[in-house]
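Asker: Protein chains in written order, with numbering that gives the first Met the number 0: chain A, 0 to 348; chain B, 0 to 348.
Glycine is no exception: its CB is placed at the ideal position from the N, C-alpha and C atoms.
Protein chains: 2
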Amino acid sequence: MRPSTPYLRVDVARLDDNITRVADAARAAGVQVWPHAKTHKTPEIARRQLEAGAGGLTVATIGEAEVFADAGVTDLFLALPIWPDPAQAGRLRVLADRTALRVAVDSVEGAHHLAACLDGARVSVLVEVDSGQHRTGVPATDVATVAVAAAGAGLAIEGAFTFPGHSYSPDTTTSAAVDEASALTEAVSQLRSAGIEPTVLSGGSTPSLQASLAAPGVTTELRPGVYVFGDAQQWELGRTTPDRVALTCRATVISHTGGRVVLDSGSKALGADRAPYASGFGRILDDPDARIVQLSEHHAVVETDRSYPLGSVVDVVPNHVCNAVNLADILYADHGPGLEAWPVAARGR
Amino acid sequence: MRPSTPYLRVDVARLDDNITRVADAARAAGVQVWPHAKTHKTPEIARRQLEAGAGGLTVATIGEAEVFADAGVTDLFLALPIWPDPAQAGRLRVLADRTALRVAVDSVEGAHHLAACLDGARVSVLVEVDSGQHRTGVPATDVATVAVAAAGAGLAIEGAFTFPGHSYSPDTTTSAAVDEASALTEAVSQLRSAGIEPTVLSGGSTPSLQASLAAPGVTTELRPGVYVFGDAQQWELGRTTPDRVALTCRATVISHTGGRVVLDSGSKALGADRAPYASGFGRILDDPDARIVQLSEHHAVVETDRSYPLGSVVDVVPNHVCNAVNLADILYADHGPGLEAWPVAARGR
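#1: What first and last residue would you give for the alpha helix (DSSP H) that runs through residue 195 of chain A?
#2: Exposed or buried, what is residue 131 of chain B when buried is set at 16 or more other beta-carbons lying within 10 Å of its beta-carbon?
#3: Helix, strand or coil: how does DSSP classify residue 210 of chain A here?
#4: Got a sec? Which residues, its chain only, sit under 7 Å from residue 10 of chain B by beta carbon, not counting five neighbours each side?
#5: Measure the Cβ-Cβ separation of residue 212 of chain A and residue 223 of chain A and say whether it is below 7 Å.
#6: With 9 Å as the C-beta to C-beta threshold (strictly closer), list the residues of the region 319-332 of chain B near chain A in chain order.
#7: By the three-class DSSP mapping on this structure, what secondary structure does residue 188 of chain B have?
#8: When you check each C-beta in the region 241-260 of chain A against every C-beta of chain B, which residues fall closer than 9 Å?
#9: Can you give, in chain order, each stretch of the alpha helix (DSSP H) that sits fully within the region 247-294 of chain B and has at least 4 residues?
#10: Under the rule that 16 or more other beta-carbon atoms within 10 Å means buried, what is residue 287 of chain A, buried or exposed?
#11: I'd like to confirm the pairing. Which residues does DSSP put opposite residue 75 of chain B in its beta bridges?
#12: Measuring alpha carbon to alpha carbon, tell me which of A/136, A/116 and A/61 ends up nearest residue 256 of chain B.
#13: From the beta carbon of residue 267 of chain B, is the nearest beta carbon of chain A less than 7 Å away?
#14: Below 6 Å, is the gap between the Cβ of residue 212 of chain B and the nearest heavy atom of the ligand COA?
#15: Quick one: which chain B residues come within Cβ less than 9 Å of residue 133 of chain A?
#16: Kindly list, in the order they appear in chain A, the residues whose Cβ is closer than 7 Å to that of residue 80 of chain B.
#17: Does DSSP put residue 334 of chain A in a helix, a strand or coil?
#18: Please state whether DSSP places residue 131 of chain B in a helix, a strand or coil.
#19: Which residue or residues does DSSP assign as beta-bridge partners of residue 172 of chain B?
#20: According to DSSP, is residue 111 of chain B part of a helix, a strand, or is it coil?
#21: State buried or exposed for residue 66 of chain B, treating a residue as buried only when at least 16 other CB atoms are found within 10 Å of its CB.
#22: Return the residue from the list B/279, B/261, B/338 and B/38 that minimises the CA-CA distance to residue 313 of chain B.
#23: Using a Cβ-Cβ cut-off of 7 Å (strictly less than) and excluding sequence neighbours within five positions of residue 162 of chain A, which residues of its own chain qualify?
#24: Return the residue from the list B/339, B/336, B/335 and B/330 that minimises the CA-CA distance to residue 346 of chain B.
#25: Are the C-beta atoms of residue 314 of chain A and some chain B residue less than 7 Å apart?
#26: Of the residues that make up the region 206-221 of chain A, which ones have a beta carbon closer than 8 Å to any beta carbon in chain B?
#27: Are any of the Cβ atoms in chain A nearer than 7 Å to that of residue 50 of chain B?
#28: What does residue 351 of chain B reach in chain A if we use C-beta pairs closer than 8 Å?
#29: Can you give me the C-alpha to C-alpha distance between residue 121 of chain B and residue 81 of chain A, rounded to a whole angstrom?
#30: What does residue 297 of chain A touch in chain B if you count any residue whose Cβ is under 8 Å from its own?
#31: Per the DSSP calculation, residue 302 of chain A is bridged to which residue(s)?
#32: Starting from the C-beta of residue 51 of chain B, find all residues in its chain whose C-beta is less than 7 Å away, skip the five residues before and the five after it, and write them out in chain order.
#33: Using a Cβ cut-off of 8 Å, pull out every chain B residue sitting near residue 109 of chain A, in sequence order please.
#34: Is the region 273-282 of chain B touching the region 228-248 of chain B, taking contact as three or more C-beta pairs under 8 Å?
#35: Whole angstroms are fine: how far does the CA of residue 38 of chain B sit from the CA of residue 178 of chain B?
#36: Note down, in chain order, all residues in the region 175-193 of chain A with a beta-carbon under 8 Å from any beta-carbon belonging to chain B.
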C-alpha cells in the first residue's frame, strides 16, 4: 500500500516506545494512566495503551465513548462537563449499561441536569477543578458544593479532576504541575470536610507529565493525550525530540517558483493551530532549521536553505497532532516493510 | 431531525441569496463564475451554483474532482499545480475521460511531468500566475516559458489564472483586485507574443470579488469560494454582514463557572484558523460584541456582557468556513420548518 500525499504516517516503533515509556514511569510513580483518546481516535492505538497498563480511556465526547465501547473498552472517562440534550441523554444511558462510565461535572445545575438525564442509570462523577487554565472547572474551594449537590441528586462521587492546560504555555509548563497537585490536594480536603472520601484524583497533560510524575502528591491518575505521537508544539516546548515524534504528514513538493518550496500539505491535512510558542505552521522532521511560513488549505510554503526538487517527499510534523488526526479517516501505520491502514474510527464523532 | 451540538447549520435562504447575488453581478460584468467547491465540498450546493449559471466548478484535489464528477459535474478546474504520483496519474486519466478537465501548471518540469502522467489523455491547462500572494505561480513575465513548454509536451493551453490571496489582508483587499487584473493583462501579452491566444483568464477570491467585478479588465472568470456562506474573516474584513452569513456552528453553553461562558464548539468543530484580522476564534452571530477568547478542541470560552444560562444554544460563525466544513460529515440545511442532511461528500478527500 502506498497512499498518495498528503497522508498521516505513524512510526509504530516510536509509538510503542512512547506508550511504554510513560506507562513504566507512571507505574514507578504509583499512578495510573488514563490516556486521552481524543488525540488518536483510533481503536488500534487504544488497544496498545490498555495492553501497556492504562487504567481506562479518557474521551471528550459521547461519540468517542461509543466508538471505544464498540471496540471493547470497558472503562471510560468523559472528561467534559456536558449538558446533554434528550438524544445524548439516551446515548449516555446506553453507555452506562455497557461500560464503567465516569462523567465530569462542574456546577450544581449541571449535576442536577445530568442526574435527570441518567434517570437512575449508573455512572460515577468527577468534579472538575480549575487549576489555572480558567476554562471549565470550579475553584478547588467550591468542589464540595458541587459534589454534595451531585450526591444529593443520586450521582456516585468518585473524586475530582483537573486539566492543567496552562502547561501549554512555556512560562508555566512546570509550575502547572505544582498548581495541579495543590488544586487536587485542596479538593481532597474539601471533599473530606463534606464527608466524601475520594478514590480518584485525576490530573495530567502531556507538557506537565514529567513534573507530575516526579511529584504526584495526592494524584492517583494522569490523562496525557499527545504523548503517544508528539508534535511540533511539544518539540518547541522541549517535551519531545524529533527522534521520538511518531506521527508525520507525508507531503510532496509541488512548486518552487520564486525560490519557495511549496508542499501539498495544507491546513486541511495539518490543521491550522498556531500558538505563540509554535514558530510556524508545523516543522519538517528531517530539516529542523526549516520553517513553514505560510499555510493555506492545500499549500504549505517552506523557508529552508536546503534544496528540494519538485516531487520530493518530506515528513511534516503538525503543530497540534490532535487536530491533524481529526482530519484523517486513516492513519498509515509504518511497521517497517509496509503500511497498514488504521481507521480513525472516532474522527468527527 | 434535531442533531446534537456542535453541528453545522446552513440557512438555505441566505445561501441561495449569496449564490444568486454573485451570479447576477458576474453576469452583469460579463464574466463567468467558477465557484471554488473546496469551501462547501457538498454536491447539493454545487448543484445550486451551477443552476445559477456557474461555468463549472473549481476544485483543489483529485478527490474533490472525483466526488463532483460522480455528482454529474462535467466542467472542472483543478486549480493546484499538482505533482501526481502513479496512482494519481491513473485517476487523472479516468477524470479526463469523463469530464472536461482543466489542470494548473506553474513550472516547465511540472508541465512535462503532467504530460507524462496523462499519457495522451485530454486535459487543458492554465498557467498559474503569482499576482502578489507569493505562494504558487510564476511571475506574469514567465507565463510564456511555461506555456510553450506545456504546449511542446502536448498539453492544450487554455490560458492563465491567478489567486489574489493577498486580498485576505485588510491592507490589500482592494488593491489585490488591481494586481490580479494587471497580472492577467501581462499574461495575455506574454502568451500572444509566444503565439498563443488565451481563451480563459481566471482570477478571483471572495474578498477581492467586488473590486474584480467592478473592473474586470481582461478577466474572463472568477473563482470565489467563501462567498456562499461568509464567515468571521469576511465579516471582519467588511466583505459580508452578519445578516448574510449562511453557515453557523450551533453550540451549547456547558459551563459558566468563574463568570465565563463556555461552549461545546471547539476547534474540532470550528477549525483553528486565526489570522491577524480575526479578533478571536470565531464570532457569535447574534451577539456581535462577544469575543471567543480561548479555543480548545472541545471548548470555546466567550467573553460577553450578556447572560447565557447553562444549556443555552447559540450560533457561532467560524473564522474560516472552508476548514470548519472540512471537519463535518453532514451540513444540516435549514429550510424553515425542518432540517435536511446534506452529505459533505468531498470531506477529507
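Answerer: In this structure, then:
#1: Along the first sequence, one-based indexing puts residue 195 of chain A at 196. Counting along the chain, residue 195 of chain A sits inside no alpha helix (DSSP H), nor does DSSP assign it H or E at all.
#2: Working through the second sequence from its first residue, we reach residue 131 of chain B at position 132. Looking at its Cβ environment, which holds 16 or more other Cβ atoms inside 10 Å, residue 131 of chain B is buried.
#3: Taking the first sequence and counting its residues from 1, the one referred to as residue 210 of chain A is at position 211. Residue 210 of chain A: helix per DSSP, three-state reduction.
#4: For the purposes of this step, residue 10 of chain B is identified with residue 11 of the second sequence, where counting begins at 1. Counting only Cβ-Cβ distances below 7 Å, and skipping sequence neighbours, we find 245 and 333.
#5: Here residue 212 of chain A refers to the residue found at position 213 when the first sequence is read from its first residue. Here residue 223 of chain A refers to the residue found at position 224 when the first sequence is read from its first residue. If you check the CB distance, residue 212 of chain A and residue 223 of chain A do not come in under 7 Å.
#6: Only those residues of the region 319-332 of chain B whose C-beta falls short of 9 Å from the nearest C-beta of chain A are listed: 319, 321, 322, 325, 326, 327 and 328.
#7: As a first step, residue 188 of chain B must be located in the second sequence, where it is residue number 189. Of the three classes helix, strand and coil, the one that applies to residue 188 of chain B here is helix, per DSSP.
#8: Taking 9 Å as the Cβ-Cβ cut-off against chain B, the residues of the region 241-260 of chain A that qualify are 251, 252, 253, 254, 255, 256, 257 and 259.
#9: Counting only runs of 4 or more, we get 266-269.
#10: The residue given as residue 287 of chain A occupies position 288 in the first sequence. Residue burial annotation: residue 287 of chain A is exposed, with fewer than 16 other C-beta atoms found within 10 angstroms of its C-beta.
#11: Position 76 of the second sequence, counted from the first residue, corresponds to residue 75 of chain B. Answer by DSSP bridge pairing, in chain order: B/56 and B/100.
#12: Taking the first residue of the second sequence as position 1, residue 256 of chain B is located at position 257. Of the candidates A/136, A/116 and A/61, the residue whose Cα lies closest to the Cα of residue 256 of chain B is A/136.
#13: Looking up residue 267 of chain B in the second sequence gives position 268. Output row for residue 267 of chain B: interface = yes.
#14: With respect to the ligand COA, the structure offers nothing, as it holds no ligand at all.
#15: On the first sequence, position 134 is the one that residue 133 of chain A refers to. In chain order: 257, 259, 293 and 300.
#16: Here the question's residue 80 of chain B lines up with position 81 in the second sequence. Near residue 80 of chain B (Cβ distances below 7 Å), the residues of chain A are 253 and 254.
#17: Locating residue 334 of chain A in the first sequence gives position 335, counting from the first residue. Per DSSP, reduced to three states, the secondary structure at residue 334 of chain A is coil, with no helix or strand assignment.
#18: Residue mapping note: residue 131 of chain B aligns to position 132 of the second sequence, counting from 1. Residue 131 of chain B: coil per DSSP, three-state reduction.
#19: For the purposes of this step, residue 172 of chain B is taken as residue 173 along the second sequence, with counting starting at 1. BP columns for residue 172 of chain B are empty, so no partner.
#20: Walking along the second sequence from the start, residue 111 of chain B turns up at place 112. Note: residue 111 of chain B maps to helix in three-state DSSP.
#21: Along the second sequence, read from residue 1 onward, the residue named residue 66 of chain B stands at position 67. Result: buried.
#22: One-based indexing of the second sequence puts residue 313 of chain B at position 314. Here the closest residue by C-alpha is B/261.
#23: Walking along the first sequence from the start, residue 162 of chain A turns up at place 163. Closer than 7 Å at the Cβ level, and outside the excluded window around residue 162 of chain A, lie 132 and 204.
#24: Along the second sequence, one-based indexing puts residue 346 of chain B at 347. The shortest C-alpha separation from residue 346 of chain B is found at B/330.
#25: Indexing the first sequence from 1 puts residue 314 of chain A at position 315. For residue 314 of chain A, the answer is no, since every Cβ of chain B falls outside 7 Å of its Cβ.
#26: In summary, no residue of the region 206-221 of chain A has a CB separated from any CB of chain B by less than 8 Å.
#27: Taking the first residue of the second sequence as 1, we reach residue 50 of chain B at position 51. No, residue 50 of chain B does not count as interfacial toward chain A.
#28: In this structure chain B extends from 0 to 348, so residue 351 of chain B is not present and cannot be described.
#29: Position 122 of the second sequence, counted from the start, is the residue given in the question as residue 121 of chain B. Position 82 of the first sequence, counted from the start, is the residue given in the question as residue 81 of chain A. Looking at the two C-alpha atoms, the distance is approximately 54 Å.
#30: In the first sequence, counting from the first residue as 1, residue 297 of chain A sits at position 298. What residue 297 of chain A touches in chain B: 37, 59, 60 and 79.
#31: The sequence position of residue 302 of chain A within the first sequence is 303, counting from 1. Beta-bridge pairing links residue 302 of chain A to A/290.
#32: Stepping through the second sequence from its first residue, residue 51 of chain B is reached at position 52. Excluding the 5 residues flanking it on each side, residue 51 of chain B has same chain C-beta neighbours closer than 7 Å at 18, 19 and 22, in chain order.
#33: Start at 1 with the first residue of the first sequence, and residue 109 of chain A comes out as number 110. Residues of chain B passing the Cβ test: 253, 254 and 309.
#34: Verdict: yes, contact present.
#35: Mapped onto the second sequence, residue 178 of chain B falls at position 179. Mapped onto the second sequence, residue 38 of chain B falls at position 39. Between residue 178 of chain B and residue 38 of chain B, the C-alpha separation is close to 24 Å.
#36: The region 175-193 of chain A vs chain B, Cβ under 8 Å: nothing.
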